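A short worksheet on the structure shown next.
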Amino acid sequence: MSEWFEDWFASEQYLNVYKHRDQKDALLLLDLIHKTISLKKDFLILDAACGAGRYSNLLLQRGYKVIGFDLSLPLLKIAKAEAEKIFGENIYFKSDIRTTKLKMKFNLILNVFTSFGYFVTDEENFSFINNSITFLKKKGYFVFDYINKQYLIDNLIPYSQKKVDGYLIEEKRKIENQRVIKEIDISKGRERNSFTESVKLYSPKILFEKFSKSGYKIIDVFGSYKGESFSENNSSRLIIIGQNEQ
Numbered sequence: 502m503s504e505w506f507e508d509w510f511a512s513e514q515y516l517n518v519y520k521h522r523d524q525k526d527a528l529l530l531l532d533l534i535h536k537t538i539s540l541k542k543d544f545l546i547l548d549a550a551c552g553a554g555r556y557s558n559l560l561l562q563r564g565y566k567v568i569g570f571d572l573s574l575p576l577l578k579i580a581k582a583e584a585e586k587i588f589g590e591n592i593y594f595k596s597d598i599r600t601t602k603l604k605m606k607f608n609l610i611l612n613v614f615t616s617f618g619y620f621v622t623d624e625e626n627f628s629f630i631n632n633s634i635t636f637l638k639k640k641g642y643f644v645f646d647y648i649n650k651q652y653l654i655d656n657l658i659p660y661s662q663k664k665v666d667g668y669l670i671e672e673k674r675k676i677e678n679q680r681v682i683k684e685i686d687i688s689k690g691r692e693r694n695s696f697t698e699s700v701k702l703y704s705p706k707i708l709f710e711k712f713s714k715s716g717y718k719i720i721d722v723f724g725s726y727k728g729e730s731f732s733e734n735n736s737s738r739l740i741i742i743g744q745n746e747q
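When you line the sequence shown up against my numbering, it's residues 502 to 747, in that order.
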């Protein structure tokens, strides 16, 4: 039996549901990284769980050296097509973030836009963070962008609907067993498809501890892409910037 993200990220409807996302947040996050760690053009950057390449292709456009990987072949196909327009060659490869092994050493690793917490066990969810230090250069950086658990719980929207390209998209959300679960129904005429998202919710305290135990010094924490200070009750995002101390 396939896992929820394999079905969902391979579907044509996935990009319809998230069609509202544009480059605005990606640009804000890039500017925030620039201000925080003095991003240099000779940095080698890894975009882990890159999806359709929204962020890594933006970095390519700005002249950075980027490599990205994801488990979803349909999303990688989109990312690859855009990268080839910009760069003239493919910078992407398929890999499972739980088992990714790399011989290269990077200056910066990105795990952004909530590409974390998809798996059943804590061991699986934290496997990449634990292993990432081995393919990060000394004094290299890890930028981790995730939902803020308490804010999400306090501001959860149980039901919403919208229309995109003639499709009715209905989304039901709930918190269950420390996970935020979204049931997505997509219909158009007699056509109907259902998908699920399930993301484990971790507290900032646990995440800080995991990064520290993995060999990172946390040099900054933000609560939004605009660089606002993090507040456990008021921030929608949890953005951690760690540096390799090994």
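All C-beta atoms in this analysis are idealised placements derived from N, C-alpha and C, irrespective of residue type, glycine included. A quick note: this is a predicted structure, and the numbers were derived from the prediction, not measured.
Under the three-state reduction of DSSP, which class applies to V518: helix, strand or coil?
Within the sequence shown, numbered from 1, the residue matching residue 518 stands at position 17. When DSSP states are grouped into helix, strand and coil, V518 belongs to the helix group.
Whole-angstrom Cβ separation of R693 and D686, contact assumed at under 8 Å?
For the purposes of this step, residue 693 is taken as residue 192 along the sequence shown, with counting starting at 1. For the purposes of this step, residue 686 is taken as residue 185 along the sequence shown, with counting starting at 1. Under the criterion of beta carbons closer than 8 Å, R693 and D686 qualify as touching, at roughly 7 Å.
With a cut-off of 8 Å, do at least 3 Cβ pairs link the segment 577-595 to the segment 614-631?
Touching, no, given that fewer than three Cβ pairs across the two stretches are closer than 8 Å.
Alpha-carbon spacing of Y668 relative to D571, whole angstroms:
Mapped onto the sequence shown, residue 668 falls at position 167. Mapped onto the sequence shown, residue 571 falls at position 70. Rounded to whole angstroms, Y668 to D571 spans 27 Å at the Cα level.
At least 3 beta-carbon pairs within less than 8 Å: the segment 643-660 vs the segment 695-710
The segment 643-660 makes contact with the segment 695-710: 3 or more CB pairs, one atom from each, lie closer than 8 Å.
Taking its Cβ as the centre, do 16 or more other Cβ atoms sit within 10 Å of A582, making it buried, or is it exposed?
On the sequence shown, position 81 is the one that residue 582 refers to. Counting Cβ neighbours within 10 Å, A582 comes out exposed, since fewer than 16 surround it.
Quick check on D597: does DSSP put it in helix, strand or coil?
In the sequence shown, residue 597 corresponds to position 96, counting from 1. Coil.
Quick check on K586: does DSSP put it in helix, strand or coil?
If you number the sequence shown from 1, residue 586 lands on position 85. Here K586 sits in helix by DSSP.
Are the beta-carbon atoms belonging to D526 and Y717 less than 8 Å from one another?
Looking up residue 526 in the sequence shown gives position 25. Looking up residue 717 in the sequence shown gives position 216. Contact flag unset, no.
Three CB pairs or more closer than 8 Å across the segment 625-638 and the segment 738-747:
Remark: three or more beta-carbon pairs, one from each stretch, lie closer than 8 Å, so the segment 625-638 and the segment 738-747 are flagged as touching.
Could you check where the alpha helix (DSSP H) with K525 kicks off and where it finishes?
As a first step, residue 525 is located in the sequence shown; it is residue number 24 there, counting from the start. Judged by DSSP secondary structure, K525 falls within the alpha helix (DSSP H) whose first and last residues are K525 to I538.
T635, DSSP secondary structure in three states
To locate residue 635, count along the sequence shown from 1; it is residue 134. DSSP places T635 within a helical segment (H, G or I) once states are collapsed to three.
Mark L657 as exposed unless 16 or more other C-beta atoms lie within 10 angstroms of its C-beta, in which case mark it buried.
Start at 1 with the first residue of the sequence shown, and residue 657 comes out as number 156. Exposed: under 16 other Cβ atoms inside 10 Å.
Considering only the beta carbon of each residue, do L547 and F607 sit closer than 8 Å?
Looking up residue 547 in the sequence shown gives position 46. Looking up residue 607 in the sequence shown gives position 106. Taking a C-beta distance under 8 Å as the contact criterion, L547 and F607 qualify as a contact pair.
Buried or exposed (CB count within 10 angstroms, at least 16 for buried), E698
Working through the sequence shown from its first residue, we reach residue 698 at position 197. With 16 or more Cβ atoms within 10 Å of its Cβ, E698 is classed as buried.
Beta-carbon proximity check, K536 vs Y565, cutoff 8 Å:
For the purposes of this step, residue 536 is taken as the residue at position 35 of the sequence shown. For the purposes of this step, residue 565 is taken as the residue at position 64 of the sequence shown. Their beta carbons are not under 8 Å apart, which means K536 does not touch Y565 by this criterion.
Can you list the beta strand (DSSP E) stretches of 3 or more residues lying completely in the segment 638-701, in chain order?
For the segment 638-701, whole beta strand (DSSP E) runs of length 3 or above, ordered along the chain, are 660-665, 668-677, 680-689 and 692-701.
Relative to the C-alpha of S770, which candidate in V567, E672, Y642 and N735 has its C-alpha closest?
In the structure displayed, the chain extends from 502 to 747; residue 770 sits before or after that span and is not available.
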